[in-house]
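Residue numbers (this note's numbering), protein chains in the order written: chain A, 1 to 113; chain B, 114 to 221.
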């Protein structure tokens, strides 16, 4: 079974630029999560989708971050404009209906300079 | 207060030693608990579930104490390959809340 796919693996941008990350969850998984993991910290939930609807985006900095999952499958996370403190690994995870365990992609490592 | 708190360590132990560490959670409504393992520059991967009755998976033992709201992980007969960061996870309404992780380094 294919895992959660994310791209790109690495991205370096200058502050105030825009960046987008892509995630393809495990086939059939209705729930999709985006997490931000800053070096030395645990993953922090940014947004949780159930199919194409948002379940929780309470910790998403909505002035600069946006995410969508229009068809309930792939998702994109965008940052515009980026700040230095956005440097982190952005992890996508998915979970199947009725399951508890979530599976993570390899993440996108963002460096803002 | 963070939802899940862990001792960051690091725990530096020799091969063959036993190492144990805890994690506390603040939301008493949390329904499920897990330990994830994260290797350097890799994504978190599920290590094991945590049940109130305690559960073992080989050299790993996990325990949940709902009254005191803490979870523990014990690693027996440590191997070099056990070196990693161990993330405690509490789940409430399918929202996963992670601790900051406990770093374990096993030395030869």
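Even for Gly, the Cβ is constructed at its ideal location relative to N, Cα and C.
Q: Give the straight-line distance between the Cα atoms of residue 71 of chain A and residue 49 of chain A, rounded to the nearest whole angstrom.
A: 11 Å
Q. Under a three-way DSSP split, which group does residue 185 of chain B fall into?
A. strand
(Q) Please tell me whether residue 18 of chain A and residue 78 of chain A are closer than 8 Å, where the distance is taken between their beta carbons. (A) yes
Q) Going by DSSP, what residues sit across from residue 131 of chain B in a beta bridge? A) In DSSP, residue 131 of chain B forms no bridge with anything.
Q: Examine chain B for any beta-carbon lying closer than 8 Å to the beta-carbon of residue 102 of chain A, and answer yes or no.
A: yes
**Q.** For residue 163 of chain B and residue 171 of chain B, the rounded distance between their alpha carbons
**A.** 14 Å
Q: Would you tell me roughly how many angstroms separate the C-alpha atoms of residue 89 of chain A and residue 11 of chain A, rounded to the nearest one?
A: 10 Å
**Q.** Residues from the stretch 27 to 58 of chain A in contact with chain B, defined by Cβ distance under 9 Å
**A.** 31, 33, 35, 37, 40, 41, 42, 43, 44, 45, 48, 50, 55, 56
Q. Quick one: what's got a C-beta closer than 7 Å to residue 52 of chain A's C-beta in the same chain, skipping five residues either side?
A. 69, 70, 71, 72
Q. Can you name the residues of chain E whose CB is closer than 7 Å to the CB of residue 9 of chain A?
A. Given the protein chain composition of this structure (A and B), no chain E is represented.
(Q) List, in chain order, every chain A residue whose beta-carbon is nearer than 8 Å to that of residue 207 of chain B. (A) 31, 48, 55, 95, 100
Q) At a Cβ threshold of 8 Å, is residue 72 of chain A touching chain B? A) no
Q.
Less than 8 Å between the C-beta atoms of residue 128 of chain B and residue 221 of chain B, yes or no?
A. yes
**Q.** residue 156 of chain B - containing beta strand (DSSP E), residue span
**A.** No beta strand (DSSP E) contains residue 156 of chain B, which DSSP labels as neither H nor E.
Q) How should residue 156 of chain B be labelled, buried or exposed, when 16 other C-beta atoms within 10 angstroms of its C-beta is the threshold for buried? A) buried
Q. Within 10 angstroms of its Cβ, does residue 165 of chain B collect 16 or more other Cβ (buried), or is it exposed?
A. exposed
Q. Taking 8 Å as the CB-CB cut-off, is residue 147 of chain B touching chain A?
A. yes
Q. With DSSP run on the structure shown, which of helix, strand or coil describes residue 165 of chain B?
A. coil
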